[in-house]
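Right, one structure below, let's go through it.
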Amino acid sequence: MGINPPIGNGTGRIPSIFKEGEEVRIQIGESIATIKYYVSFINGDQYVGILIRNAYSGIWKITVYGDYIVNGRFDAWLFQRDLLYEDTRFLINDPFITLRLPSTATSMLTASYFDSETKTPVPIAGRGFTRDGRIKPDVCVGGTNILTTGLNGADIVISGAGAAGAIICGAVALIMQWGLVLGNDKNLFTSKIRTYLITSVTEMEGITYPNPQSGYGMLSFKKLFETLDVL
């Protein structure tokens with residue numbers, strides 16, 4: 029990797045260090061860049077983390093070098109918006125492949141969310157698929173203006189991925205009660221629960237499924253109850 033700040037005088041090629049916990053710190057004017065190379069213990073992919081403190085305003089350029097290039101592809105992400113300086117962004121960006129850990133894990137049940145009133149995607153919601161082409165999210169649910177209970181029993185309205193995750197957890201709890209507690213399916217596991225949920229989605233006309241924004245479709249609790257034959 030190499031870093032070129034807006035004030036000029038780039039770092040050139042920064043040596044890669046693959047020892048666990050090792051990192052490189054470089055002073056760039058009044059900014060400090062911390063670079064950490066490591067190899068994923070899950071799939072063997074090489075990862076590079078770059079953290080720039082006291083960053084100068086302007087355009088920072090990151091140069092990627094390769095000693096042994098297999099296909100020349102690399103992916104880059106920023107931290108969540110709340111952890112960034114204001115207006116930090118890529119000049120050229122792609123809204124897809126933006127689901128974050130742990131939602132991209134192989135056995136994880138992943139939900140995206142849409143506008144509860146218009147049934148349209150929310151721009152800030154993460155999108156799939158995964159960088160290795162797996163279908164994520166699995167399903168999507170309404171995640172805006174959700175009436176729920178807050179502190180001290182107060183009624184509050186919330187929006188976001190957390191609300192969508194809570195709704196999916198509720199659906200999973202209902203499936204587990206139906207299967208394990210009531211004895212309708214004693215052999216429940218993650219993949220089977222995912223199948224019950226995917227079978228209980230609705231699809232919008234003219235849209236191809238599965239897709240990176242809504243997975244296999246919008247979860248319908250009415251269809252879920254019909255799938256479980258409890259209506």
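Each step along the sequence shown adds one to the number in my numbering, with nothing skipped, and position 145 is 173. Heads up, the beta-carbon is just placed ideally off N, CA and C, and yes, glycines get one too. Predicted, not measured: the structure shown is a model, and the values here were computed from it.
What residue ranges within the region 128–200 form continuous alpha helix (DSSP H) runs of no fewer than 4 residues, ordered along the chain? none
Three or more C-beta pairs under 8 angstroms: does that hold for the region 197–214 against the region 149–161? no
Under a Cβ-count criterion, where at least 16 other Cβ atoms within 10 Å of its own Cβ denotes burial, should residue 142 be classed as buried or exposed? In the sequence shown, residue 142 corresponds to position 114, counting from 1. Counting Cβ neighbours within 10 Å, residue 142 comes out buried, since at least 16 surround it.
Neighbourhood of residue 228 by C-beta, 7 angstroms cutoff - its chain only, sequence neighbours within 5 removed: Working through the sequence shown from its first residue, we reach residue 228 at position 200. These residues qualify, in order along the chain: 247, 248, 251, 252 and 255.
Distance between beta carbons of residue 172 and residue 144, contact taken as under 8 angstroms: For the purposes of this step, residue 144 is taken as residue 116 along the sequence shown, with counting starting at 1. For the purposes of this step, residue 172 is taken as residue 144 along the sequence shown, with counting starting at 1. With a Cβ gap of about 5 angstroms, residue 144 and residue 172 count as contacting.
Quick test of the definition: if touching needs 3 or more C-beta pairs under 8 angstroms, does the region 113–129 touch the region 151–171? yes
Does the region 76–95 come within contact of the region 32–42, defined as at least 3 CB pairs closer than 8 angstroms? yes
Residue 139: which of 30, 257 and 243 sits nearest, CA to CA? Counting from one through the sequence shown, the residue named residue 139 turns up at place 111. Answer by Cα proximity: 243.
Within 10 Å of its beta-carbon, does residue 238 have 16 or more other beta-carbons around it, so buried, or fewer, so exposed? For the purposes of this step, residue 238 is taken as the residue at position 210 of the sequence shown. Per the 10 Å Cβ criterion, buried.
Compute the distance between the beta-carbons of residue 153 and residue 191, then report whether it is under 8 angstroms. Position 125 of the sequence shown holds residue 153. Position 163 of the sequence shown holds residue 191. No. Outside cutoff.
Which one of 73, 233, 205 and 184 has the shortest CA to CA distance from residue 99? Along the sequence shown, read from residue 1 onward, the residue named residue 99 stands at position 71. Closest option to residue 99, Cα to Cα, is 73.
Name the DSSP bridge partner or partners of residue 246? Residue 246 sits at position 218 when you count from the first residue of the sequence shown. DSSP output for residue 246 lists 168 and 230 as bridge partner(s).
Using a Cβ-based criterion (distance less than 7 angstroms to any ligand heavy atom), does residue 103 qualify as near the ligand NAD? Absence of the ligand NAD is noted for the structure shown, with no ligands found whatsoever.
Are the beta-carbon atoms of residue 230 and residue 245 separated by less than 8 angstroms? Along the sequence shown, one-based indexing puts residue 230 at 202. Along the sequence shown, one-based indexing puts residue 245 at 217. Yes, these two residues count as a Cβ contact at 8 angstroms.
Here's a check: name, in chain order, each residue in its chain whose Cβ is nearer than 7 angstroms to the Cβ of residue 62, leaving out the five neighbours to either side. As a first step, residue 62 must be located in the sequence shown, where it is residue number 34. Within the same chain, residue 62 has close Cβ partners 51, 53 and 79.
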